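Have a look at the structure below before the remarks.
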Amino acid sequence: MLDLNGKSILITGGTGSFGKKFVAEVLAKYPDIKRMVVFSRDELKQFEMAASFPSSKYPNIRFFIGDVRSAERLKRACEGIDIIIHAAALKQVPTAEYNPMECILTNVMGAENVINAALDCGVQDVVALSTDKAAAPINLYGATKLCSDKLFVAANNIKGKRNLRFSVVRYGNVMGSRGSVIPFFLEKKKSGILPITDERMTRFNISLEDGVNMVLFALQHHWGGEIFVPKIPSYKILDVAEAVAPNAEKPIVGIRPGEKIHEEMITEADSFTTVDVGKYYVILPQVPGWSRDEYLNHFKAQPVEIGFKYNSGTNTEWETVESLRGLIKQHIDPNFVA
């Protein structure tokens, strides 16, 4: 059973949508954790987040200004830390296409800095957040996150005798997160026009709560080098538009640079090393530092069929217009009316 009480945790990108949810959930579940360090570069977001977590009620939370691009600053922040959750990234696909080196510096070099800080500071567990766009990437953002995933998986090969494990969690669009499609449509609803990139488009859908639970699952169960993938539903972009504003105009405006029609979280090539552990799929490292057979026996894991792939367009589980409306009320706006 996972017990984080007495542990010191650092979360990079801690003022983002995931970070705020993670901090709230962990502090609620484990009130006796030693420290929760929120590491991010935006002082205004830290100021606003600190107002929600006053020191009088949360004496174990710390806010640390810094950028994952700065190896020295990150290393200083990781002194005495037991667990790192790496959520910092540049995530907007079009932005990455037009500013490629900025995305590389944060998503790739930043990942390397996290790894080196963990190696140098006695950290025990690192879980890095990935994205479905890292599977068979066609945009720079996805390519940088694939590179990041590879770095974290390979970091297990250089840890030596350290009691340290690096793993990755990969999931799809987070419902209600900043910059995602549903808040965008809710804002556009006021104008009566919802721009549709492509009427065939589908995406995986996960709530912030499920994203947090997945990270906690990985922390409890990882052996090092795994990429955890959740079994989650897909949605059709037209169903999202219908759920938000059935009477709005829905012009087709074309896909943005670097976008896919469908997203993938497990490619056909990944099927050779992917296993099913029940609620999640796990892509195992090609050269694990432990016995694959022992892993399969421990988790009662079943290898997937060769040629299996996990694609948002061929998924077997789907959100409907009605279920999307219910999720919007539950996770985004309790007063929502279509």
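In short: position in the sequence shown from 1, add 25, done, that's our numbering. The beta-carbon is built from N, C-alpha and C at its ideal position, and this holds for glycine as well. All values reported here derive from a predicted model rather than from experimental measurement.
- Taking C-beta to C-beta, are Phe78 and Ile36 nearer than 9 Å? no
- Item | Other residues of its chain near Phe361: CB distance less than 6 Å, five sequence neighbours each side excluded | Ile353 and Lys354
- Verify whether the separation of the beta carbon atoms of Asp295 and Ala113 is less than 9 Å. no
- For Asn198: DSSP bridge partner residues: Asn230
- Message: According to DSSP, simplified to helix, strand and coil, what is Ala153?
- Response: strand
- Message: Just to confirm, is the Cβ distance from Phe72 to Val237 under 9 Å?
- Response: no
- Query: Can you name, in chain order, every residue of its own chain whose Cβ lies under 8 Å from the Cβ of Ile357, other than the five neighbours on each side?
  - Reply: Met200, Gly201, Ile207, Pro208 and Leu211
- Message: For Pro56 and Leu27, what's the separation of their Cα atoms in angstroms?
- Response: 14 Å
- What is the C-beta distance between Leu244 and Val152, in whole angstroms, given that I count them as a contact (C-beta under 8 Å)? 6 Å
- Message: Does Pro328 come out as helix, strand or coil in the three-state DSSP assignment?
- Response: strand
- Query: Going by other Cβ atoms of all chains shown within 10 Å of its Cβ, with 16 needed for buried, is Gly185 buried or exposed?
  - Reply: exposed
- Kindly give me the distance between the Cβ atoms of Leu176 and Ala121, rounded to whole angstroms, as I take these residues to be in contact under 8 Å. Going by Cβ atoms, the distance from Leu176 to Ala121 rounds to 17 Å, so no, they are not a contact pair.
- Message: If I measure Cβ to Cβ from Leu233 and keep anything under 8 Å in the same chain, skipping five residues before and after, which residues do I get?
- Response: Ser42, Phe43, Lys46, Val199, Met200, Gly201, Ser202 and His356
- Query: Is it a yes or a no for the segment 256-276 touching the segment 338-350, going by three-plus beta-carbon pairs under 8 Å?
  - Reply: yes
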